[in-house]
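Participant:
There are 2 protein chains.
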Amino acid sequence: MNPFKTITIQQSVFANNDKQADELRKDLKNDQVFLLNLMASPGAGKTTTLTQTINRLKDQLKIGVMEADIDSDVDAQTISQTGVKVIQLHTGGMCHLDADMTRQGLKELYTKGLDLVILENVGNLVCPAEFDTGSVKNAMILSVPEGDDKPLKYPLMFTICDVLLINKIDVMNVFDFSLEKVKERALKLNPNIQIIPISARTGEGIEEFAQWLKQETLKWKD
Amino acid sequence: MNPFKTITIQQSVFANNDKQADELRKDLKNDQVFLLNLMASPGAGKTTTLTQTINRLKDQLKIGVMEADIDSDVDAQTISQTGVKVIQLHTGGMCHLDADMTRQGLKELYTKGLDLVILENVGNLVCPAEFDTGSVKNAMILSVPEGDDKPLKYPLMFTICDVLLINKIDVMNVFDFSLEKVKERALKLNPNIQIIPISARTGEGIEEFAQWLKQETLKWKD
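Residue numbers (this note's numbering), protein chains in the order written: chain Y, 63 to 284; chain C, 63 to 284.
#1: Distance cutoff 7 Å, beta carbons only. Does residue 259 of chain Y sit that close to anything in chain C?
#2: Can you tell me which of the three DSSP states residue 271 of chain C falls into?
#3: Look at residue 170 of chain C and residue 141 of chain C and say whether their C-beta atoms are less than 7 Å apart.
#4: Would you decide whether residue 172 of chain C is buried or exposed? Buried here means 16 or more other CB atoms lie within 10 Å of its CB.
#5: Taking the Cβ atom as the reference point for each residue, do residue 153 of chain C and residue 132 of chain C lie within a distance shorter than 7 Å?
#6: With respect to the alpha helix (DSSP H) encompassing residue 90 of chain Y, which residues constitute its N-terminal and C-terminal limits?
#7: Is the Cβ of residue 250 of chain Y closer than 7 Å to any Cβ of chain C?
#8: Which residues in the same chain as residue 66 of chain C place their Cβ atom closer than 7 Å to its Cβ, once the five residues preceding and following it in sequence are excluded?
#9: Short of 9 Å Cβ to Cβ, which residues in the segment 176-187 of chain Y face chain C?
#10: So if I threshold CB-CB distances at 7 Å, which residues from the segment 105-137 of chain C count as touching chain Y?
#11: Which whole-angstrom value describes the C-beta separation of residue 241 of chain Y and residue 259 of chain Y, a residue pair presumed to lie in contact below a C-beta threshold of 8 Å?
#12: Given a cut-off of 7 Å, decide if residue 181 of chain Y and residue 95 of chain Y are closer than it, judged by their beta-carbon atoms.
#13: Got a sec: which bits of the segment 219-237 of chain C sit with their beta carbon under 8 Å from any beta carbon on chain Y, in order along the chain?
#14: Quick check on residue 105 of chain Y: buried or exposed, where buried means 16 or more other Cβ atoms within 10 Å of its Cβ?
#15: So residue 257 of chain C and residue 229 of chain C are in contact, right, with Cβ under 8 Å, and what is the actual spacing, rounded?
#16: Out of Y:69, Y:279, Y:198, Y:90, point me to the one whose CA is closest to residue 128 of chain Y's CA.
#17: Apart from the five residues on each side of it in sequence, which residues of its chain come closer than 8 Å, Cβ to Cβ, to residue 120 of chain Y?
#18: For residue 75 of chain Y, is the classification buried or exposed, using 16 other Cβ atoms within 10 angstroms of its Cβ as the cut-off for buried?
#19: Given this structure, state the Cα-to-Cα distance separating residue 64 of chain Y from residue 135 of chain Y, to the nearest angstrom.
#20: What number of angstroms, rounded off, separates the C-alpha of residue 174 of chain C from the C-alpha of residue 163 of chain C?
#21: Assign residue 246 of chain C to one of two classes, buried (16 or more other C-beta atoms within 10 Å of its C-beta) or exposed (fewer than that).
#22: My understanding is that residue 276 of chain C touches residue 122 of chain C, with C-beta atoms under 8 Å, so please give their C-beta distance in whole angstroms.
#23: Using a threshold of 7 Å, state whether the C-beta atoms of residue 272 of chain C and residue 111 of chain C are closer than that.
#24: Mind listing, in chain order, the continuous beta strand (DSSP E) runs of no fewer than 3 residues lying wholly within the segment 82-167 of chain C?
#25: Tell me the start and end of each unbroken beta strand (DSSP E) in the segment 204-237 of chain C that is at least 3 residues and wholly inside, in chain order.
#26: Am I right that residue 130 of chain Y and residue 79 of chain Y are in contact with their C-beta atoms under 8 Å? What's the rounded C-beta distance?
#27: Pick from Y:201, Y:268, Y:238: whose alpha carbon is nearest that of residue 252 of chain Y?
#28: Should residue 240 of chain C be flagged as near chain Y, meaning a C-beta pair shorter than 7 Å?
#29: Report yes or no: is there a C-beta of chain Y within less than 7 Å of the C-beta of residue 207 of chain C?
#30: Is residue 210 of chain Y close to chain C? Criterion is C-beta to C-beta, closer than 7 Å.
So this is what it looks like as structure tokens:
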């Protein structure tokens, strides 16, 4: 039997998602729970990055994870091996989560006593950027094999994120990828975005991201 | 000045996309134009694959290309270097093209005299799979760095495609990717899908895809 629950999220009935998102953030503040929304293309390394990050933080913070996918539960399986609380959300074909769908997931996860909840959004650089989930902060992963032109082609995602993790830097030598160009393009869209090059495989850079996440969680609970 | 036009596609007003798609296919048949819808995640190598394929076919077929993107015209710039007719479609934030949006693009491209039109859809494994564009055939690219679990997580895309190109096989040795597993998973979803491993960078496998595309185009014009 799986050590996690799988639920199918219902489509939202609310017309005003921004209002729902603000209300969710207010409730999270009252409950002293920090919510991070993690977004990326399919295969950019969200689950591996999360596993590495959780292993560095799980003795310091009480962590819960919501894995959102169209189908399958391979990601929840992987995360459950870290020992933290995890739930698989199936979106029923939906390409993103909005605030009400996120609230449905949080209710099933049961957040009482948790410090930090991470939502791994559906693998997609387009639609998740258009819907505020109610998260306190947004992070995205761009992986080296995807190319350094992605800020030009998917500008909204880079604009709404607080942190940009550039993953798979351990294979930079086999791809035509300029870290300088991607930094320049991302900062042009979003001068406040924090950029952290990482390798989820080797662990490089993960400590810096884990420290950022811990500090933001503690600030939120202040 | 750019050697191509950039247009912004308008959202469709039609409720029944499947009907619009069937009508577009009928018109394409009458006009003797074959339309391929090419889909993939961001950064899977759609444009590089297209460039390689076009260079092998442009002396045998009259080709037009529609590059659909949220923003930027870097892909149309790249394709225009092959010398074929190209147009950049901006989707105004939309995450996919439907049949009416495709028809808008075809009208601006002006297809008279063309044998083959290729639509490079928005980089996204979710939404484009849900909307019939009116294309004669669908192809998708999965790149090695994305991982071999993608058929499990994005099953609809693998189900609706006639061809699956597995790109970036030249870097297979630096990733944990099983060609056998991905083939098995894709064929379980879609026993008729044709799977062609390629490297758009080295050109490996491109000739096989180009031959398939040429045969399908000639069959359609029969």
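Idealized CB from N, CA, C, for every residue including glycine.
Facilitator: In brief:
#1: no
#2: helix
#3: no
#4: exposed
#5: yes
#6: 79-93
#7: no
#8: 138, 142, 148, 149, 150
#9: 184, 185, 186, 187
#10: 105, 131, 132, 133, 134, 136
#11: 6 Å
#12: no
#13: 230, 233, 236, 237
#14: buried
#15: Not confirmed; about 12 Å, so no contact.
#16: Y:69
#17: 144, 145, 146
#18: exposed
#19: 10 Å
#20: 18 Å
#21: exposed
#22: 6 Å
#23: no
#24: 96-102, 125-131, 147-152
#25: 225-229
#26: The pair is not a contact, with the Cβ atoms about 16 Å apart (cut-off 8 Å).
#27: Y:201
#28: no
#29: yes
#30: no
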